[in-house]
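Below is one structure; the comments refer to it alone.
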Amino acid sequence: MDPIARRIDRLAGAFRGTAARGAGRLVGVAVLAALVVAAHLARPGTPAARGAAAAAVVALIGALVALTVRERRTWRDARRVLSRVLAPSDPALGARTLRALRLFEGTRERGDERHGSPELARLHLERLLDRASVDAITAHGARRARRATLAAAAVGVLTAGALVAAPLRTVEGLDILLARDGVAPVPLPWLADVSVVARPPAHLGTTERAVLLGLPARLPEGSQLTVRGRPRFDGRRLELYDGARSAPFVADGDDGLIARWTVDSARPVHVAARFGAVVIRAPEPVEILPVEDTPPLVELADAPRTVELAAQDRVELTWRARDDHSLREVRLVLRSGTREERRVLERFDDLQPAAAGGHAITPRDAFLRRAYLPIEVTIEARDDDSLRGPKWGTSAPVILVPPAVGEPEARRHRALEAGRDALVDLVVALAARGAERAAAAALTARRAALARELEDAALASHAGLELPAGLGAFLRGRAQSLGRPLAPGESELRRAEDALLAWDTALRGLARRDATSVSRRLADVVEDVELAARLARRTEDTQRALFRLDAAAAAARAGGGQLATLGALGADLGDVARAGLERIRRLREANDLGRTELAARHLAQRLRHAAPSFRSAPSSRGGPSALPGDGAGSGAPSRADDHFDQLAREVEELTRDHAAAVAEVERALGGADDAPVPEELAREARERALAVRRATGRLPRGAGPEPSTARGAAALAREHAEALAQALERLSLEDAVQAGRDALERLTDAERRAKASPAGAAGVEADALREARGRIAHELAWAERLLEERTRSAESRAHDALEKVAGTEAELARRSGNLSARGRSGQSGLPDDASSDLERAGEAMSDAARELRAGKGSRALERQREAQRLLERATTGETSAESPGERAAEAAARERRGDPRRASGRITLGGEVPGAAAEDRARELRRRAIEGLGDARGPLAPAVRRYAEGLVQ
Amino acid sequence: MRRGIRAAAAAAVFVAASAAGAAPARPERVRELVLELSVEEARAELGAGEASDPAVALERGRLALYVGDCDTAVAVLSAPALASDTDAASMLATARGCAEATAGAAVVEDAQAGLWVRVQDDADRALVPLLAEVAVRARESSRRDLGVELPRPLRIDLVRDLFALAAVSGLPLEAAETTGTLAVARWGRVTMLSPRATGRGYSWQDTLAHEITHLALSRATRDAAPLWLQEGLAKRSESRWRAARPFDDPRESDRTAREAFVSGRSVGVTELGPSIAMLPTPDAATTAFAEVTSFIEHWIGLHGQPAVWALLADLRGTGDPERSMVSVTGYPLAYWLARWERGVLAAPEPEGGGAPGERPRAPLDPDAVARIVRLGQLSLARGAAAHAAILLDAAIERAPREPSLRAAAARAHLEAGADDRARRSLGTRADVGGAHGSWHALEARLATDPAAAKASLELALGLDPLAEEVACEGHWTPGGPRATAPDPPAAEAPRALCLAARSAPRR
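The listed protein sequences correspond, in order, to chains A and B.
Residues in the first sequence are numbered from 859 upward in steps of one, following our numbering.
Residues in the second sequence are numbered from 1094 upward in steps of one, following our numbering.
This is the structure in structure tokens:
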């Protein structure tokens, strides 16, 4: 090593050996202080604060690096070393040494020998360096070290002060400084004595349970977590946080904090402290395994399957539904083309995880009658998930293939035509018969057999379509009349001809009415063609509209074919439909949708105007409207229907008159009710009503879907008991007696069922049944006694009025007997059962008249009511009266025509589609509503829950 | 020759209009041309018109209606500029109904016959040759009697029912159904009911001739002829296109008019309202037809046919019937009406009895006849022809002059294989009270003279061309469960007609 360098190193070593210790301390303390400052800067957690802190740390590191570099350079440079080490301790020597060093460097490096040789310069420098005092330098180093140590101590004291005063703040600050994605890396325990309780959604009806931190917990979606704890540190904003959303802790009023959290995902939920945009989580989260609420599972027996509706009188649907929590509603859903109808089958207020039931639909159903495309029938069940909104489970479908429009009517017409043909054959055979006794007997037997067949035909159903009551009664009457033995001298041929012409007249009348109604229904189908053609032109979904158009056109063609079989009017209208549909087909094939729409509109309007193609008002003479006739002129082949209708009208009139007589007796007897009720009696009745309610309070509430169980029967008994109580309060004794008897009957039923099937008696206590029975029987006896007293009193008061009604009743009895006799005779009579009912009604009326004369109003009223029931049963209606099914179909068609959407034929577009944010808000609203209202307890809980559900839907 | 002159005139008008270039169309002139059915000339006149002029648009819409182009009429008349025009609104409603009723309808054009027929029901195409034959002859009759050359093509809408007739013509449906309207001449076209609409046909040939006369009168007078003149001449012309037929009764209108005067049911020649089809009852319509026909016959009897030509020519110029009447005859209409009324009332009272043309009397016991007839019909439909024949023969005894009964009985006998009895039941023309399609068809079948058979069949076709026994030349599908249809005629047109009749069998 160079002697000069060695000497300088020695001097430097002497200095650094003492001064470096102080400098090191100072740097260390400075770094620590800088970190503390940075931590405090970062702690607010805002991006700006964290940025400033990070900048400070970076600056510190930069400064340290720069200092290190500078020091290294300094200690490698002899001149700087002498300046730092020697000059401060011995300024004169230092200056001379520095000059000697320059001289030495000049002679050695630049070869400048003007001031001497290099050796001399070296020697000079060495001597000067030798003269330098190591001790002095060491002392100087020691002084520097002391100053640095003092400074470090000062900074250290300040830093330590800061750390001691709020050590966690520095930790939090550093944690926050190092946070990524808003989450600090080092967890900190924020709460002491933490407890977590999970409460499942109210609709599940289950109890709360504790959840342990750090251990996974299976919780139903929508469960509410309640986290409680004591804060370890003041001044922190604590919250529950799962990485996506948070819920704040609030004071629980007892030095603790509480927060609630609704489970909706599998993310762990942490207790965390929020610092601006950063959270510092607690070490142990609540681990959640959410259990999803699945839609109900619905099974429909034998589904999927396809059923030809025309071959069925009814379609049975047996279903079973279950849910992981509870069912709320079960519906029958019918869909055909673009139409849909949803019918409620069951509704459940209580917990109902499973249900089963049966339903039957008939081809007479209004929806089915209007449908011309296959109908998809499903059972859909809704669960009670009021958090996410109800979910529907759907069964596999049963596809009903409807008959063509008018097919049931055409079948019925064919069946009646077959009966007419058989009658024609009988008439022809009777006209052609010889004189042989055997042949005559055979024909008589054939007549009797045919009568039975015709009666069956009058009762038959065709694809669910029966004859209207009046017409059915008329035809049955004719069939029965045909089958009766001949009176002496009566012509068998004439009897058969009468039956034939009556049957024919009825058939033609029915065909006319059927043709009218089928034509109007066919108009609906053609209207669909029109609508589809319009949609195909005006909407983007042309293919769908064209599919609908073709389907409707095909259905209209099939319906037109059926219509054409319905008598003369049907043939005419069917031919009109054929011609119109042919034009529609041509236009459709030419893709001329505009004119397809026009042609369909015309045909729909024409079919709706279901009149013959040509008609005119009756004319008494020739002229343009006098068209060739069929030779029958203005005569009618049979007036049997007119006579029957006359009889039916008289029966109806009698029924009305008798109802008035019944009302008169009721009024006369009810006059006693007008008397003021003593307050004492009213109070007693109220007390008895209260007693009934108390005694039945332990019976189950709500009849529910299964009245065939003991529970269902008991619930029904409770309903009747409530009716009894109300009737008692009103002192409506007849109602009270009836309700009391019904309640007792149900209680007996419940007891019997409970014995037979204990499983179905859950929640039904035997002693509750006994208690209810005793009380109801007691109060029923009281009501009966009171009623009897009242009746006696009323009868005595109403004696004169009753006697007056007796005359009317006797007259009505005579009319009834007369009608019964007329109903049994001739070709226009009533069916046997109706005549018999009239006869029995007449007898009952005679009895009633006798009782009325004797002042026995109550017994007379009973007989009157019996007579009224028989009269109503004998009331057949006229031959031209529509059946209820026809009326329903017509009403449905009217409703359909009045539907504003159909009337305008336009679909309004441009509606707003809710976005994701709106969905979130809706969900939040649901959550709040359920949280607020779903906790309802007590007797009104189901109602409150329904209200809440209705609100969130 | 006349056709050539008219075509030359039209061409000249067209050339003149073209030469005029931007000369504005005169809506009044267009209207006159359209009303006199000179549609080509009207079209040429419109060609130079300003499309945005509401008056021109109105006439353009009218022209479209007159040529049966209802879609165009709807498009033109829907223009906002015409929204407040009541004429346009009325025409638009008709055009819409027409466009809907005729959308997709087939058009058959017969250039030789100068005929344009739009058949709403495709199955009625088979009737077009029959229509053409009558139309040609009726056109010739109009030329001869009225001095009017009808334009070519003559346009006929053959519609399926009254509903369509009302839609195409604009006649209220209720009115059409009250009076039993069979045809309407409106908008330069004949709109006529298909014989299949009425179930048992009607005298469609005379009806067509009647309506063609209306068109001729419109053309002759620019639609200025009063209703009594329109209907009187049309009714008179109904049978003048053909030779006289059995059961024609030229005095019927006089008798009916006399009855109306005597009974106080007279409608009044000048009190017909907007249309006979809109009178309140069929009886009123019958009386009105009879009165106007009787009056016109009386008037022409006094003044001769040339007076008709003069009256029409005058009306075309004046447009005022009263002035024209005075101009032609020297006296007002009231004078001639009073004269006619005196004449009708002075005529001897008609005798009763079974004179030819007399309408069938009502049977003594309508219910009894109806009973037997219905039993017979049911038996026949079931294939029990012999039993049906017995019943229907019994019905004939009660109503011997009813041709439909005789036809049904004859059918039953023929189905039972008893031709002689069929002939006896059918009887002769002297035995029946009126014409009947089926009766004449059976007369044709049972006739031994081919010429007589042909004449009978023509009569039948004129009444009920779509009855199977008529369309299939006296043959039909018998009743009964196992019946089969006989072969149709071999010739193309009769075969098509027979098949059309079978395509929609009657009940």
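Beta carbons: idealized from backbone N, C-alpha and C, even for Gly.
At what residues does the alpha helix (DSSP H) containing residue i begin and finish?
i, result
"residue 1441 (chain A)", "1425-1447"
"residue 1335 (chain A)", "1327-1341"
"residue 1386 (chain B)", "1375-1396"
Within 8 Å of any Cβ in chain B, is that where the Cβ of residue i sits?
i, result
"residue 1434 (chain A)", "yes"
"residue 1493 (chain A)", "yes"
"residue 1358 (chain A)", "yes"
"residue 1259 (chain A)", "no"
"residue 1457 (chain A)", "yes"
"residue 1370 (chain A)", "no"
"residue 1271 (chain A)", "no"
"residue 1286 (chain A)", "yes"
"residue 1442 (chain A)", "yes"
"residue 1445 (chain A)", "yes"
Within 10 Å of its beta-carbon, does residue i have 16 or more other beta-carbons around it, so buried, or fewer, so exposed?
i, result
"residue 1328 (chain B)", "buried"
"residue 1729 (chain A)", "buried"
"residue 1455 (chain A)", "buried"
"residue 1298 (chain B)", "buried"
"residue 1201 (chain A)", "exposed"
"residue 1266 (chain A)", "buried"
"residue 924 (chain A)", "exposed"
"residue 1065 (chain A)", "exposed"
"residue 1072 (chain A)", "exposed"
"residue 1576 (chain B)", "exposed"
"residue 1143 (chain A)", "buried"
"residue 1507 (chain A)", "exposed"
Can you name the start and end residues of the beta strand (DSSP E) that residue i belongs to?
i, result
"residue 1053 (chain A)", "1049-1057"
"residue 1133 (chain A)", "1128-1133"
"residue 1175 (chain A)", "1173-1180"
"residue 1148 (chain A)", "1146-1149"
"residue 1209 (chain B)", "1208-1212"
"residue 1082 (chain A)", "1082-1089"
"residue 1215 (chain A)", "1212-1219"
Which residue's Cα is closest to the Cα of residue i: the options?
i, options, result
"residue 1812 (chain A)", "A:903, A:1015, A:983 and A:997", "Residue 1812 (chain A) is absent from the model: chain A starts at 859 and stops at 1811."
"residue 1108 (chain A)", "A:1123, A:1120 and A:1086", "A:1086"
"residue 1339 (chain A)", "A:1369, A:1308, A:1317 and A:1555", "A:1308"
"residue 1388 (chain B)", "B:1440, B:1348, B:1154 and B:1325", "B:1325"
"residue 1670 (chain A)", "A:1692, A:1573, A:1519 and A:1374", "A:1519"
"residue 1003 (chain A)", "A:1040, A:977 and A:873", "A:873"
"residue 1401 (chain A)", "A:1451, A:1438, A:1635 and A:1358", "A:1451"
"residue 1373 (chain A)", "A:1235, A:1433 and A:1390", "A:1433"
Please tell me whether residue i has its Cβ less than 8 Å away from any Cβ of chain A.
i, result
"residue 1582 (chain B)", "no"
"residue 1114 (chain B)", "Caution applies to residue 1114 (chain B), whose pLDDT of 46 falls short of 50 and renders its modelled position unreliable; the model cannot decide the point."
"residue 1602 (chain B)", "Outside the displayed span of chain B (1094 to 1600) sits residue 1602 (chain B), for which this structure offers no information."
"residue 1506 (chain B)", "no"
"residue 1298 (chain B)", "no"
"residue 1589 (chain B)", "no"
Residue i and residue j look like a contact to me (Cβ under 8 Å); what is the Cβ gap, rounded to whole Å?
i, j, result
"residue 1174 (chain A)", "residue 1121 (chain A)", "So it is not a contact: roughly 43 Å between Cβ atoms."
"residue 1360 (chain B)", "residue 1384 (chain B)", "6 Å"
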